[in-house]
């Protein structure tokens with residue numbers, strides 16, 4: 116396994132750093148940090164990436180992707196995260212986009228791919244349901260064929276940013292025959308169709324990012340079907356492998372560690388900076404060691420990709436370890452923030468670091484659940500790698 120980077124790759128790293136330093140402006144950062152301006156700001160930022168030609172690193176060049184090597188993709192994502200630059204909205208660019216160009220018709224590719232690339236369409240994901248989360252095969256939202264339409268009834272839940280979405284990609288049940296995984300179809304649904312309602316879910320972090328989406332006799336044109344009817348589980352598994360691979364988040368973990376160290380230098384404990392406290396140093400150092408191990412595991416995945424192999428069960432390994440480390444960083448961040456984490460930035464004793472610590476800790480409790488719970492990932496590993504079950 117060769118995990119060294121070429122001179123060309125290192126030059127690319129410098130180019131990426133310079134681009135983020137010049138293009139990710141203070142104005143954009145401020146707007147993205149506010150719930151009132153986030154939706155417009157993230158689209159503005161994605162259009163900057165689109166103009167640069169960097170909006171879809173994982174897409175093939177023939178569909179508008181960068182054509183980068185796996186090494187360059189890794190460098191780009193690492194530099195983005197360590198610079199504190201937000202990732203693109205994943206639902207169109209990292210989830211449904213690859214499903215469409217791999218399994219969609221020519222008409223679907225022409226209709227949807229350009230609008231995903233230039234951020235004209237905001238997508239959301241309709242997988243989980245009130246009674247089907249980690250056990251996704253038990254979903255009950257139904258789509259019954261009626262001429263040139265499917266009539267969809269049911270509900271999806273934990274649907275991120277559905278309040279802004281133009282389209283939703285859904286797993287729906289089109290047959291009850293055979294195993295639960297059989298009889299599931301992958302459907303693209305226009306969010307403006309009659310019969311769709313959105314119920315907001317305010318998270319423990321006091322933000323509105325989650326929603327319940329209810330379908331009441333929604334008539335969806337048949338041309339929204341991806342691939343074959345009742346074969347949606349195959350397409351869903353392809354999507355989830357990419358989603359779990361992205362959840363490792365080494366660069367984001369490193370960014371969190373940098374913020375912790377910077378704030379700990381300013382935080383006094385027993386008359387000296389917290390960075391000199393043995394207990395803090397032990398926790399911080401152990402996370403650094405574990406992140407380094409995760410990064411090398413990720414690099415092995417990159418090396419495998421360079422050899423032409425796609426993401427496999429190792430995506431589950433990265434998802435488990437990455438989300439566990441994210442939570443450990445968030446817990447340490449909250450510890451460093453101390454009592455200040457209980458105050459809003461608008462309070463006289465509040466500060467930006469403590470506000471970030473509180474929000475990321477609360478939202479991050481779900482990291483080991485979304486994208487397929489870590490318990491489910493361990494089952495996947497047991498079957499696919501250890502040959503158990």
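Residue numbers (this note's numbering): 116 to 504.
Ideal Cβ placement from N, Cα and C applies to all residues, glycine included.
Nothing here was measured: the structure is a model prediction, and the numbers come from that model.
On the CB-based measure, 16 or more other CB atoms within 10 Å of its CB, does residue i come out buried or exposed?
| i | result |
| --- | --- |
| residue 373 | exposed |
| residue 116 | Residue placement at residue 116 cannot be trusted, given a pLDDT of 48 that sits under 50; the coordinates are not used to answer. |
| residue 407 | exposed |
| residue 298 | buried |
| residue 262 | exposed |
| residue 483 | buried |
| residue 84 | With the chain represented from 116 up to 504, any question about residue 84 goes unanswered, as that position is not in the structure. |
| residue 490 | exposed |
| residue 380 | exposed |
| residue 113 | Past the boundaries of the shown model lies residue 113; the chain is included only from 116 to 504, so the question cannot be answered. |
| residue 245 | exposed |
| residue 145 | exposed |
| residue 194 | buried |
| residue 234 | buried |
| residue 396 | exposed |
| residue 167 | exposed |
| residue 575 | In this structure the chain extends from 116 to 504, so residue 575 is not present and cannot be described. |
| residue 85 | As shown, the chain starts at 116 and ends at 504. That puts residue 85 outside it, with no answer to give. |
| residue 503 | exposed |
| residue 378 | buried |
| residue 317 | exposed |
| residue 404 | exposed |
| residue 309 | exposed |
| residue 177 | exposed |
| residue 315 | exposed |
| residue 371 | buried |
So the alpha helix (DSSP H) residue i belongs to, where does it begin and stop?
| i | result |
| --- | --- |
| residue 333 | Segment 325 to 336 is the beta strand (DSSP E) holding residue 333; no alpha helix (DSSP H) there. |
| residue 187 | 185 to 197 |
| residue 157 | 153 to 167 |
| residue 386 | Taken as a continuous stretch (DSSP letters only), residue 386 belongs to no alpha helix (DSSP H), as it is neither H nor E. |
| residue 231 | 221 to 232 |
| residue 143 | 141 to 147 |
| residue 206 | Here residue 206 belongs to no alpha helix (DSSP H), and DSSP marks it neither H nor E. |
| residue 201 | Unbroken run through residue 201: none, as it is neither H nor E. |
| residue 134 | 122 to 138 |
| residue 498 | 489 to 499 |
| residue 436 | 429 to 452 |
| residue 213 | 212 to 218 |
| residue 484 | No alpha helix (DSSP H) contains residue 484, which DSSP labels as neither H nor E. |
| residue 470 | 467 to 479 |
Spell out the partners DSSP gives residue i in its beta bridges.
| i | result |
| --- | --- |
| residue 346 | 299 |
| residue 264 | 261, 336 |
| residue 305 | 282 |
| residue 244 | 247 |
| residue 270 | 329 |
| residue 341 | 301 |
Can you list, in chain order, the residues of its chain with a C-beta nearer than 6 Å to that of residue i? Leave out the 5 residues immediately preceding and following it.
| i | result |
| --- | --- |
| residue 474 | 320 |
| residue 135 | 198, 200 |
| residue 347 | 286, 299, 300, 301 |
| residue 296 | 252, 348 |
| residue 384 | 392 |
Apart from the five residues on each side of it in sequence, which residues of its chain come closer than 7 Å, Cβ to Cβ, to residue i?
| i | result |
| --- | --- |
| residue 192 | 366 |
| residue 126 | none |
| residue 124 | 186, 187, 190 |
| residue 313 | 277, 278, 326, 328 |
| residue 211 | 238, 284 |
| residue 420 | 185 |
| residue 280 | 237, 238, 239, 306 |
| residue 479 | 441, 442, 445 |
| residue 428 | 495, 496, 499, 500 |
Terminal residues of the continuous beta strand (DSSP E) containing residue i?
| i | result |
| --- | --- |
| residue 313 | 311 to 316 |
| residue 240 | 238 to 241 |
| residue 319 | Segment: none, residue 319 is in no beta strand (DSSP E) and carries neither H nor E. |
| residue 258 | 257 to 261 |
| residue 286 | 282 to 288 |
Tell me whether residue i counts as near the ligand MG, meaning its Cβ is closer than 7 Å to at least one heavy atom of that ligand.
| i | result |
| --- | --- |
| residue 349 | In the structure on display, the ligand MG does not appear, and there are no ligands present to speak of. |
Return the chain-ordered list of same chain residues with a C-beta closer than 8 Å to the C-beta of residue i, the five sequence neighbours on each side being excluded.
| i | result |
| --- | --- |
| residue 214 | 284, 301, 341, 350, 353, 354 |
| residue 493 | 431, 435 |
| residue 541 | Residue 541 is absent from the model: the chain starts at 116 and stops at 504. |
| residue 155 | 146 |
| residue 255 | 244, 246, 247, 269, 288 |
| residue 222 | 338 |
| residue 345 | 289, 290, 297, 298, 299, 300 |
| residue 275 | 206, 239, 240, 324, 325, 326 |
| residue 182 | 175, 176 |
Please confirm if the region 261 to 268 is in contact with the region 237 to 245, defined as three or more CB-CB distances below 8 Å between the two stretches. no
Taking contact to mean at least 3 C-beta pairs separated by less than 8 Å, is the region 331 to 343 in contact with the region 283 to 303? yes
With contact counted as at least three CB pairs below 8 Å, one residue from each stretch, are the region 245 to 262 and the region 213 to 232 in contact? No, the region 245 to 262 is not in contact with the region 213 to 232.
Touching or not, the region 483 to 502 and the region 432 to 446, by the rule of three or more beta carbon pairs under 8 Å? yes
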